[in-house]
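Q: If you're matching positions, the sequence shown starts at -17 in the numbering used here and goes up one per residue.
Positions of the beta carbon are idealized from the N, C-alpha and C atoms, including for glycine.
Take this structure, written in structure tokens, and hold onto it; I'll ask about it next.
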Amino acid sequence: MASCVTFEYIRKNPDIRTYIQRADEALKSIGYTEHSFPHVEKAAATAARILTELGYPEREIELARIAGFLHDIGNVINRVDHAQSGAVMAFRLLDRLEMPVDEICSVISAIGNHDEATAQPIDAISAALILADKTDVRRSRVRNTDFLTFDIHDRVNYAVETAELLIDKEQQEFVLSMTIDTQISSVLEYFEIFMERMLLCRRAAQFFHMQFKIYINHSLML
């Protein structure tokens, strides 16, 4: 059965937008960085770009966009196990829209496998979502405006001046190129809180038979 569920429909659906907004409000209340529309739209775009540059079919690229947009809705229930609860929520939403079962499986598997505590890159969509989600580190995600009260997560995100995920097909590499203001946060602090995520990115890159490298201030770190 051909699917008529598009990314643009999902993106504009008022119920889905409410879930994303309320999920972000829940995280805001416990001091987490921004997980609202800027984050999920960037995750959707980056996941789609990865599969596009690697030559995947257009419908698979569209499913990666949908998974990227929906991946954090489980936070409306609880931050703990939000990947799994988000996958269940996405199943109900997409099933009601009569998306074909094989497409639902692809989307909910990616959502259920994006959190570093339990994630595995089980297919191309899940691997692309992992790379897209875990490399979205930027100053604009910090909500706290009082620098004196920054915790380590605030400092690290705020210190990131630029971050770009590059795909080098010739060298078979994903490259996360970052500029960090070390007067705000040290490189060591970055790895203190993000090492598990970066190792997950390496596993995701390996799914595509590629390497994952990190350059910080023009120096190779991983």
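Thinking C-beta only, is isoleucine -8 closer than 8 Å to isoleucine 48?
A: Working through the sequence shown from its first residue, we reach residue 48 at position 66. Working through the sequence shown from its first residue, we reach residue -8 at position 10. Result yes, Cβ atoms of isoleucine 48 and isoleucine -8 sit closer than 8 Å.
Q: Taking 7 Å as the limit between beta carbons, can you name the residues of its chain near arginine 4, skipping five residues before and five after?
A: On the sequence shown, position 22 is the one that residue 4 refers to. Closer than 7 Å at the Cβ level, and outside the excluded window around arginine 4, lie Val58.
Q: Within a Cβ cutoff of 7 Å, which residues of the same chain sit near glutamate 171, ignoring the five residues on either side of it in sequence?
A: Taking the sequence shown and counting its residues from 1, one reaches residue 171 at position 189. Result list for glutamate 171: Ile134, Arg137 and Val138, in chain order.
Q: Taking just the CA atoms, how far does valine 89 sit from isoleucine 162?
A: Translated into positions along the sequence shown, residue 162 becomes position 180. Translated into positions along the sequence shown, residue 89 becomes position 107. Isoleucine 162 and valine 89: Cα-Cα distance of roughly 33 Å.
Q: Under a three-way DSSP split, which group does methionine -17 fall into?
A: Within the sequence shown, numbered from 1, the residue matching residue -17 stands at position 1. Summary for methionine -17: the model assigns pLDDT 43, below 50, so the residue's position carries little reliability; its value from the coordinates is reported in the next sentence. Here methionine -17 sits in coil by DSSP.
Q: Return the CA-CA distance between phenylalanine 190 and leucine 113, expressed in angstroms with no decimal places.
A: Your numbering for residue 190 matches position 208 in the sequence shown. Your numbering for residue 113 matches position 131 in the sequence shown. Straight-line Cα distance between these residues: approximately 11 Å.
Q: Would you say alanine 46 and alanine 72 are within 8 Å of each other, going by their C-beta atoms?
A: The count along the sequence shown starts at 1 and reaches residue 46 at position 64. The count along the sequence shown starts at 1 and reaches residue 72 at position 90. Cβ distance not < 8 Å, so alanine 46 and alanine 72 don't count as in contact.
Q: Below 8 Å on the Cβ atoms is my guess for alanine 25 versus aspartate 118; work out the distance and round it to an integer in Å.
A: Walking along the sequence shown from the start, residue 25 turns up at place 43. Walking along the sequence shown from the start, residue 118 turns up at place 136. So it is a contact: roughly 6 Å between Cβ atoms.
Q: Out of Ile104, Asp6 and Asp(-3), state which residue places its alpha-carbon closest to the alpha-carbon of proline 20.
A: As a working mapping, residue 20 is identified with position 38 in the sequence shown. Here the closest residue by C-alpha is Asp6.
Q: Using DSSP with H/G/I as helix, E/B as strand and the rest coil, what is phenylalanine 190?
A: Numbered from its first residue, the sequence shown carries residue 190 at position 208. Correct three-state label for phenylalanine 190: coil.
Q: Around the C-beta of alanine 69, are 16 or more other C-beta atoms found within 10 angstroms, so that it is buried, or is it exposed?
A: Walking along the sequence shown from the start, residue 69 turns up at place 87. Alanine 69 comes out buried.
Q: Tell me whether isoleucine 104 sits in a helix, a strand or coil according to DSSP, three-state version.
A: Position 122 of the sequence shown, counted from the start, is the residue given in the question as residue 104. Three-state result, isoleucine 104: coil.
Q: What residue does the beta strand (DSSP E) around isoleucine 43 start on, and which one ends it?
A: Taking the sequence shown and counting its residues from 1, one reaches residue 43 at position 61. Looking at the DSSP string, isoleucine 43 is not in any beta strand (DSSP E); the run it does join, the alpha helix (DSSP H), is 40 to 52.
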